[in-house]
Each structure stands twice: as C-alpha cells, then as structure tokens.
Amino acid sequence: MSERTVILVGNPNVGKSVLFSKLTGKFVIISNYPGTTVEITRGEMTLGGEKFTVIDSPGVNELAPRTEDARVTCDVIRDHPNAVIVQVADAKNLRRALLVTHQLAQQQRRVVLVLNMMDELDQCGGHIDARKLSELLGIPVVPTIATANTGIHLVQKNVAAAAVPRLTGDPLPAINELLARTYSHVRPRQATFLQKLGWWATHPLKGLALVAVALYFTFWFVGLFGAGTCVDVLETGVFNRYVSPWAIRMVDAVLPFPHQHQSEISDLKLEIPLTPAHGIELWSSQREVLSAAYKTESSGVARLAHDFLVGPYGLITMALSYGFAIVLPIVTTFFLLFGILEDSGYLPRLAVMVNRIFRAMGLNGKAVLPMVLGLGCDTMATMTTRILETRKERVITTLLLALAVPCSAQLGVLLAMMASISAAAALFWFLLMLGVTFLIGWLASKLYKGETSDFILELPPMRRPLLGNVAVKTLARLEWYLKEVIPLFVFGTAMLFVFDKLNLLDKIARLGEPLVKGWLGLPAETAQAFLVGFLRRDFGAVYLLDAAKNGTLTPHNVLVAMVTITLFMPCIATLFMIARELGKKTAAWITVFVFAFAFLVGGLVDKTAHWLGF
Amino acid sequence: MNEIFHCPLCGFEFGKTGSVCTHGCPMGRFCKLIRCPNCQYEFPEPSRPLRWLARWLHPAKTRPGGALDLTQVEAGETVEFVGMVPGAEGRGRALAVYGMTPGARLALQQKRPAYVMRVGETELALEGDIARQILVRRVA
Chain A
-8 MSERTVILVG
2 NPNVGKSVLF
12 SKLTGKFVII
22 SNYPGTTVEI
32 TRGEMTLGGE
42 KFTVIDSPGV
52 NELAPRTEDA
62 RVTCDVIRDH
72 PNAVIVQVAD
82 AKNLRRALLV
92 THQLAQQQRR
102 VVLVLNMMDE
112 LDQCGGHIDA
122 RKLSELLGIP
132 VVPTIATANT
142 GIHLVQKNVA
152 AAAVPRLTGD
162 PLPAINELLA
172 RTYSHVRPRQ
182 ATFLQKLGWW
192 ATHPLKGLAL
202 VAVALYFTFW
212 FVGLFGAGTC
222 VDVLETGVFN
232 RYVSPWAIRM
242 VDAVLPFPHQ
252 HQSEISDLKL
262 EIPLTPAHGI
272 ELWSSQREVL
282 SAAYKTESSG
292 VARLAHDFLV
302 GPYGLITMAL
312 SYGFAIVLPI
322 VTTFFLLFGI
332 LEDSGYLPRL
342 AVMVNRIFRA
352 MGLNGKAVLP
362 MVLGLGCDTM
372 ATMTTRILET
382 RKERVITTLL
392 LALAVPCSAQ
402 LGVLLAMMAS
412 ISAAAALFWF
422 LLMLGVTFLI
432 GWLASKLYKG
442 ETSDFILELP
452 PMRRPLLGNV
462 AVKTLARLEW
472 YLKEVIPLFV
482 FGTAMLFVFD
492 KLNLLDKIAR
502 LGEPLVKGWL
512 GLPAETAQAF
522 LVGFLRRDFG
532 AVYLLDAAKN
542 GTLTPHNVLV
552 AMVTITLFMP
562 CIATLFMIAR
572 ELGKKTAAWI
582 TVFVFAFAFL
592 VGGLVDKTAH
602 WLGF
Chain B
894 MNEIFHCPLC
904 GFEFGKTGSV
914 CTHGCPMGRF
924 CKLIRCPNCQ
934 YEFPEPSRPL
944 RWLARWLHPA
954 KTRPGGALDL
964 TQVEAGETVE
974 FVGMVPGAEG
984 RGRALAVYGM
994 TPGARLALQQ
1004 KRPAYVMRVG
1014 ETELALEGDI
1024 ARQILVRRVA
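Right under this line is the structure:
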C-alpha cells in the first residue's frame, strides 16, 4: 500500500503545487509566494494500470522541523517510509535544492529530481546538464516547465526508476563539485522590465509610491467598483427587480392567505465611480417593484411559511439576496485582485517595506501576507498565520485580524455606511482603526512573552500573472468562501425570524438597552444589529446601514456604530478557526477581549464626541 | 534578540548569554553591567541612541583579517560571504539553506528599508540586525 505513494518535496515556491495538479488533475491553490501550501493535499494518478497516491507537502528549505509547515513535511516523509520522493527544484536555485537532496540521501530515500522552471533558467542565462547530473547523482533528473505542461509525462515515467541519491559526506564541497560539473551561467546584459519593477518595489521611495498606487487601485477596484457598481447592479438590478418579486409571487401562489404586498421605488444607476459620492453616470432607470413588506390580520401556518421564505427576515429576501447580491461581487473583486498581486510576486516585497512598522508590534514583515489576505477573508487569513514562525507572532497576528482587519464584504458595507457621515468622520474612523491596530499590537508584543523570529525572506521573481491560474484560484477561494458564509447567513436570518415570531426582538432590545443606549448612545433597536453581529459583523453592519439610510441614526450615531461593529469578531467561523489553530483557551481570551474592547472604544468615541460638542 | 557585544578592553565578541555574573551578587538583576567572559572586564551596556551615536561618530570599524560586516558595504557592491560573527551560528544555519555558504557571492542591492541582496539566483531580504552579524570580504 505505502509502496504506491509519491510525495512531492522541495524548497518553497518551486512549483510543487502546479506539478501536483498536473499529475493528479486536482486543483490546489497556487501562488507566487513561499508558503502557499500549509496543509498536505492528497490526490491520485494512474501509472501503467497502477494507482498511486500523490501527496503535496509544504515547501521546506531543510528537512528539520523548524516551522509549523516544515514539521508537516517532515511528518509526512517519516510516516511513509517506502514512498517515492519526487523532489521538485527551482532550476535557477540548484544549490539550494541539492542541500535538500543531500538530506534525503542521508535518510536513504528513493528520489526523482525534477528541475522545474527551466524557462526562467534560460531567461536568466543559466544552463544545467541534466543528463550529467543524473549520472553523477545516480537518480532520474527530469527538466520541466510545469505551468506549460512540458515534461510532466517524463516525471510519471521516471517514478519507477527512483533511487537513493549518491550524495554523501560533507554537503558543501560535494555540492560545489556537482555544480561545477553541471551548471554554467552567462548573465544577460540587461535587466528585464519585471526585474526592474521588483527592485522598485523594495526601493525606499519608489516602493512607497508603488504601495500608494496599489492601495488606491485596490480601493477603486474593490471599494468603488466592486462594492459600488457591481453591488448596485446585482442588488437593485437583479435581486430587487426580478428575483425577490418573482419569489414573492411564487410563494403567494403556492401558499395563499389574504394579504397585499406593498411596492417600493427601485432606483438603479450605472456609473463609473470616482469617489464614494461621485461618479460618471452612464445610465439610470426608476421602476416600481414589489416589496417584502405587507399588512394583514390573518395568521397561521401558511403565513409562517410565507414569512420564512419571503418575509422581512426571509430566506430569499434577506439571506440569499445579501449573500449573493452584496457579498459575492465584493469578495470576487477582492480575490481577483489578490490573486494577481500574489502571482506577480509583489506581496513579499510589500513585507520588506512594512517590516519596520511590524517590528514595533512584535511581528516581522512576513505577517503582512495574512494581514492583506484578511482583507479578503479573516477565516482564511487566520489559517495562513501558520507561515509565521513563533507562537507569539501567530497569536498577535490572529488577534489583530480578529480585532481590526475587516474582510472585504464587511469593508464594503462599512464603505456604504460611510456615505452618511462626513469625510472628516470617515478619515477619523480609518485613522482610529490604524491606531487601534498599532496600539494593541504594540501592547500585545510587550505583554505576551515569547520571541519574534528573524526577518529573512526570499523574494520570488516578479512574474506576469497567468490569467487562467488567477481565474481558477479566485473561483476556488470564492467557492470556499460561499460554502462557509451562505449557511451562516441562512442560520442568522432563521434566528432573527424565530426571534421575531416569538416577539423576542423587543425583549432583546430592552435587555441590551443599558449597553447600547446607555453606553454607546444608540437607539435601543440597534441591539438587534449587535446581536447578529456576533454571528458575522457585516451582517450586523447591514442592519446598521439600513438604520442609517432611513434616518434612525444621526451621523454621530453612525460613526459610533461603525467603530463598534468594525472592532467586533469578524464571524463565528473565524472564531472556530482560531480555536483550531491556537487552542480553545486562547480563542476564548481573544473573544472576550475583542467584544469588551469593541464596546469600550465605541462608548469612548461617543462620550468624547459629546464632550467635544459634536 | 540575541545581541552581540564587543569588550572595550580585549576586543572579544560575545553574546549576552555568556555575560552572566557570579551567583549571590546583591545587585541581582538590577545590575546593568556586562561582563566580558574573556577578561572579566565589566562595562555598562550602551543604550540604543548611544550606540547609534557611536556608529555615526565612528563608522566602519574593521575586523581582523579585513572582514567587514554587511552594514559597512555599499549598495551595489558584490562581496564574498565569509561567515557569521561568533554567537550567531543559528542564524547562519537559517541563511545557509538559501545558498549563503562560505565562499558564496552576495550582491547587495539596497540597505533601506531592509537589506536586499542576491545570492546566486535567490533574492533575499533581511533586516539590519542580521546584516550586522554577516561577515563579508571585498573581492577584486
């Protein structure tokens, strides 16, 4: 059984996952930064009528359990003593790969060496004599370009010929000798544009300019285009005009009871956004549509079922329209952009730029990867904190993610809320969140015992992102996200529906009054928003958005509500993920702290603003 | 952070762990003096701004054998990696996996906001504290 196992091992960011998906036909997330694979993935391939289990492992630079993911790889290798190791190497970095080969030889493992990214080796002027290398090592050596499908079948053909590498004794002289006999290099005279872009990205001034450009473009693409234009089209143009009225009519036909739905005016504007409040209008239309609100005296099972589906807290009119019409476009635009940034190799360079700031928070620049991913989905980002080396860094990053990094759906709703407050207040909110992140990070780094790891980061070459890869990756992330989020929306809506039917919503509002009205100075009804905010903070924010739109909240209230809900736990799934990654005790501490801190800061903002006379 | 000290008397380089006093000293942990494990000379630990001032007044201190640390190399230069300062062997092992082994050529690309250099075809970023512990030699 274990005879027929193939394990893919290699340095980080050499293309193990690409090769894995080409060998097995199974999709895994691939990106241009080290540490994408944090868990092992299994797949199957058929070779000459025999089935092989293929295991993809996280990248390692040495077979020592120094980090969490290195331990995963070491465990996998140890647990399959008879498996064939397919060592994937970046052809440009043969020396580093051979260090791993040497360690595999010490463990007496049968190895096939795959020299991947031969095209990039060519571009940088290098040449490897693969046949000679194969002779010297006594193992099959296969050159490939995995992204272009070149050489994949040769890898499969050579699995049977795997052997223990002849690489013994002191590694350094042995590897130098090997390299001298098989590797030659002529440096090209001119740097390519992508190389120059890579240098600019870490340059103190040009790098800052690039950060500014990237930030603005992200804001425009996700915040204005995704959360503005796309949401308008889907929410108003599709859901309000077609899906909801259609569902209401359907349900009314199936479950008849005497009632009349009210109608509302649906206003659709299509525009190229410039700022949150301005844009170039392309097209607009007004139309009267059926709304979920109605008046009736009757009650009974038919009405209950009707309300469950299309009532004010209905499955279709609330949960699905929110999940698909608001969350989906925002998250899609973010993951698309994130995929492009990832594959270009820009993110590790961003880590270089922010390293000093992160140092003050007890982290190092590497933590920027989970933090940026957190803007897409905090749950996913919490899982990615595994690339950080010490527990201290993982705890602090997780805490900051849970506290102050809103995921793109949440950011979208918050941006919509921003429309009802002044620009100065919006700026205040932004600076407060930055300040809180920094302050809590700094405090946590002082209070939490432990070490911060060294900042040593490999910068992958800048590459032109492959459209296909970005698209598939975005879709995979979306699938993951929707599977996780839609059930939560359905559950949350069902909870509200039950509370509403049992007339518990008013009671909850009264119960929360001292906190919500007394401390935060908000109307008592907003207690509902904070209640569902426990489930997902953007779900709560949508509530507040409605209240802000119909004028229940003053701009001052909106700011207080925004601050409080932003500092809430991102969602219940994130909480489960924290418990899985850091243990139940730490998760409980983080939760208690986050909620207490959110209300504390919200109340302080309210009191301070009153005191200052706003 | 594993700090490296230079004894002002005998020039010995050592890590903080080697500088613990003898047992039973009444000063206990309030004592801010550092003791050189080689000659037993005691001196106060220089504070951060003081060290910064010292570096500014006293740049480019050469080491035995003409070795420099990476902070003394200008961006754009190519140098040969010699080894790590004593006490930083752990970091040396972490760097070796990126191909930074004695004899390897380092092309320093920039020093701010972090050090970026090229080792073979690997581009590596690291921070000043580590760069200070990397010993290199200029090549002709």
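Protein chains in written order, with the working numbering: chain A, -8 to 605; chain B, 894 to 1033.
Virtual Cβ for every residue (Gly too), placed ideally from N, Cα, C.
| task | Leaving out five residues on either side along the sequence, give the residues of the same chain with a beta carbon under 7 Å from the beta carbon of B/Met977. | result | For the purposes of this step, residue 977 of chain B is taken as the residue at position 84 of the second sequence. Correct list, in chain order: Arg984, Gly985, Gln1026, Ile1027 and Leu1028.
| request: Examine chain A for any beta-carbon lying closer than 9 Å to the beta-carbon of B/Arg984, and answer yes or no. | output: Within the second sequence, numbered from 1, the residue matching residue 984 of chain B stands at position 91. Closer than 9 Å: yes.
| So with Cβ pairs under 9 Å, would you call A/Ile447 a contact of chain B? | Stepping through the first sequence from its first residue, residue 447 of chain A is reached at position 456. Taking Cβ atoms only, chain B reaches closer than 9 Å to A/Ile447, which makes this a yes.
| Selection of the region 178 to 212 of chain A by Cβ proximity to chain B, strictly under 8 Å | Cβ contacts with chain B: Gly189, Trp190, Thr193, His194, Pro195 and Gly198.
| Near-chain A residues of the region 1007 to 1031 of chain B (beta-carbon distance less than 7 Å), N- to C-terminal order | Only Ala1007, Val1009, Gly1013, Glu1014, Thr1015, Glu1016, Leu1017, Ala1018, Leu1019, Glu1020 and Ile1023 from the region 1007 to 1031 of chain B bring a Cβ to less than 7 Å from some Cβ of chain A.
| task | Under 8 Å by Cβ, that's how I've got A/Asp682 and A/Pro49 pegged, so tell me the actual separation to the nearest angstrom. | result | Absent from the model: residue 682 of chain A. The displayed extent of chain A is -8 to 605, so no value can be given.
| query | Of the choices A/Leu311, A/Val177, A/Ser125 and A/Phe299, whose alpha-carbon is the least far from that of A/Lys492? | reply | Locating residue 492 of chain A in the first sequence gives position 501, counting from the first residue. Cα-wise, what sits closest to A/Lys492 is A/Phe299.
| Taking the alpha helix (DSSP H) that A/Phe419 falls in, what are its first and last residues? | Locating residue 419 of chain A in the first sequence gives position 428, where the first residue counts as 1. In this chain, the alpha helix (DSSP H) harbouring A/Phe419 covers Ala414 to Leu438.
| Using a C-beta to C-beta distance shorter than 7 Å, which residues of chain A count as neighbours of B/Gln1002? | Locating residue 1002 of chain B in the second sequence gives position 109, counting from the first residue. Correct list: Trp190.
| task | With DSSP collapsed to three states, give me the class of B/Thr1015. | result | Here residue 1015 of chain B corresponds to residue number 122 of the second sequence, with the count starting at 1. The answer is strand: DSSP assigns B/Thr1015 an E or B state.
| query | Enumerated in chain order, which unbroken segments of the beta strand (DSSP E) with a length of 3 residues or greater are wholly contained in the region 95 to 180 of chain A? | reply | Fully contained in the region 95 to 180 of chain A are the following beta strand (DSSP E) runs of length 3 or more, in chain order: 102 to 107, 117 to 119, 132 to 134 and 174 to 176.
| field | Cβ-based neighbour list, A/Glu504, same chain, cut-off 8 Å, excluding 5 preceding and 5 following | value | Within the first sequence, numbered from 1, the residue matching residue 504 of chain A stands at position 513. Apart from the 5 residues on each side of it in sequence, A/Glu504 sits with its Cβ closer than 8 Å to the Cβ of Ala515 and Ala518 in its chain, given in chain order.
| Cβ atoms of A/Lys42 and A/Thr32: under 9 Å apart, would you say? | By 1-based counting over the first sequence, the position of residue 32 of chain A is 41. By 1-based counting over the first sequence, the position of residue 42 of chain A is 51. The criterion of a C-beta distance shorter than 9 Å is not satisfied by A/Thr32 and A/Lys42.
| request: Could you tell me which uninterrupted alpha helix (DSSP H) segments, each at least 4 residues in length, are contained entirely in the region 521 to 598 of chain A, listed from first to last along the chain? | output: For secondary structure counted as the alpha helix (DSSP H) over 4 or more consecutive residues, the region 521 to 598 of chain A holds these complete runs in sequence order: 528 to 540, 546 to 557 and 563 to 573.
| query | Can you list, in chain order, the residues of the region 327 to 352 of chain A whose Cβ is nearer than 9 Å to any Cβ on chain B? | reply | Listed by position along the chain: Pro339, Arg340, Ala342, Val343, Met344, Val345, Asn346, Arg347 and Arg350.
| Taking the continuous beta strand (DSSP E) assigned at A/Ala283, which residues delimit it? | Within the first sequence, the letter at position 292 stands for residue 283 of chain A. In the DSSP assignment, A/Ala283 falls within the beta strand (DSSP E) that extends over Gly270 to Lys286.
| request: Could you name the residues that DSSP lists as bridge partners for A/Ala80? | output: What you label residue 80 of chain A is simply residue 89 of the first sequence in a count that begins at 1. Partner(s): A/Leu106.
| What is the C-beta distance between A/Leu225 and A/Pro320, in whole angstroms, given that I count them as a contact (C-beta under 8 Å)? | Taking the first sequence and counting its residues from 1, the one referred to as residue 225 of chain A is at position 234. Taking the first sequence and counting its residues from 1, the one referred to as residue 320 of chain A is at position 329. Confirmed, Cβ separation roughly 6 Å.
| query | Taking the Cβ atom as the reference point for each residue, do A/Pro164 and A/Glu333 lie within a distance shorter than 9 Å? | reply | Position 173 of the first sequence, counting from 1, holds the residue named residue 164 of chain A. Position 342 of the first sequence, counting from 1, holds the residue named residue 333 of chain A. A/Pro164 is not a Cβ neighbour of A/Glu333, given a cutoff of 9 Å.
| Which residues in the same chain have their Cβ closer than 8 Å to the Cβ of A/Ser(-7), if we skip the five residues on either side of it in sequence? | Indexing the first sequence from 1 puts residue -7 of chain A at position 2. Unreliable placement is indicated for A/Ser(-7), whose pLDDT of 43 sits below 50; no coordinate value is reported for it.
| Closest to A/Ala351 by CA distance: which of A/Thr388, A/Arg377, A/Thr376 and A/Thr370 is it? | Locating residue 351 of chain A in the first sequence gives position 360, where the first residue counts as 1. Per the Cα distances, A/Thr388.
| In this structure, does DSSP put B/Leu1001 in helix, strand or coil? | Here residue 1001 of chain B refers to the residue found at position 108 of the second sequence. Correct three-state label for B/Leu1001: strand.
| request: Identify the contact partners of B/Thr964 in chain A, using a Cβ-Cβ distance below 7 Å as the criterion. | output: Position 71 of the second sequence holds residue 964 of chain B. Simply none; closest approach about 15 Å.
| So is A/Phe559 buried or exposed if we call it buried at 16+ other beta carbons inside 10 Å? | Position 568 of the first sequence holds residue 559 of chain A. The residue is buried, with at least 16 neighbouring Cβ atoms inside 10 Å.
| message | Am I right that A/Gly34 and A/Phe11 are in contact with their C-beta atoms under 8 Å? What's the rounded C-beta distance? | response | Walking along the first sequence from the start, residue 34 of chain A turns up at place 43. Walking along the first sequence from the start, residue 11 of chain A turns up at place 20. In this structure, A/Gly34 and A/Phe11 form a Cβ contact; the two beta carbons are roughly 6 Å apart against a cut-off of 8 Å.
| field | Cβ distance (whole Å) where A/Val133 is taken to contact A/Val150 below 8 Å | value | Within the first sequence, residue 133 of chain A is the residue found at index 142, counting from 1. Within the first sequence, residue 150 of chain A is the residue found at index 159, counting from 1. With a Cβ gap of about 10 Å, A/Val133 and A/Val150 do not count as contacting.
| Run through DSSP, which three-state label would A/Gly314 get? | Taking the first sequence and counting its residues from 1, one reaches residue 314 of chain A at position 323. DSSP places A/Gly314 in helix when its eight states are reduced to three.
| Are the region 124 to 132 of chain A and the region 169 to 177 of chain A in contact at 8 Å, needing three or more beta carbon pairs? | Under the 8 Å Cβ criterion, the region 124 to 132 of chain A counts as touching the region 169 to 177 of chain A, having at least three qualifying pairs.
| request: Can you pull the chain B residues whose beta carbon is under 8 Å from the beta carbon of A/Cys115, in chain order? | output: Within the first sequence, the letter at position 124 stands for residue 115 of chain A. Within chain B, the residues placing a beta-carbon under 8 Å from that of A/Cys115 are Glu1014, ordered along the chain.
| request: Report the three-state DSSP secondary structure of A/Asp497 (helix, strand or coil). | output: As a working mapping, residue 497 of chain A is identified with position 506 in the first sequence. Collapsing the DSSP output to three states places A/Asp497 in a helix.
| field | Contacting residues, own chain, Cβ-Cβ under 7 Å from A/Thr159 (five flanking each side not counted) | value | Within the first sequence, numbered from 1, the residue matching residue 159 of chain A stands at position 168. Same-chain partners within the cutoff: Ala96.
| said: Please report the straight-line C-alpha distance between A/Phe588 and A/Thr555, rounded to a whole angstrom. | reply: Walking along the first sequence from the start, residue 588 of chain A turns up at place 597. Walking along the first sequence from the start, residue 555 of chain A turns up at place 564. Distance from the CA atom of A/Phe588 to the CA atom of A/Thr555, rounded to whole angstroms, is 9 Å.
| Residues of chain A with a CB under 9 Å from the CB of B/Val1045: which are they? | Look at the range of chain B in this structure, 894 to 1033, and you will see that residue 1045 of chain B is not part of it.
| query | Just by C-beta distance, which residues in the region 63 to 89 of chain A are closer than 7 Å to chain B? | reply | For the region 63 to 89 of chain A, the set of residues with a beta-carbon nearer than 7 Å to any beta-carbon of chain B comprises Lys83, Asn84, Arg86 and Arg87, in chain order.
| query | Using Cβ-Cβ distances below 7 Å, what residues of the region 155 to 173 of chain A are close to chain B? | reply | Residues of the region 155 to 173 of chain A that bring their beta carbon within less than 7 Å of a beta carbon in chain B comprise Leu163, in sequence order.
| task | List the residues of chain B that A/Glu53 touches, going by C-beta distances under 7 Å, in chain order. | result | Position 62 of the first sequence holds residue 53 of chain A. Per Cβ cutoff of 7 Å: Val990.
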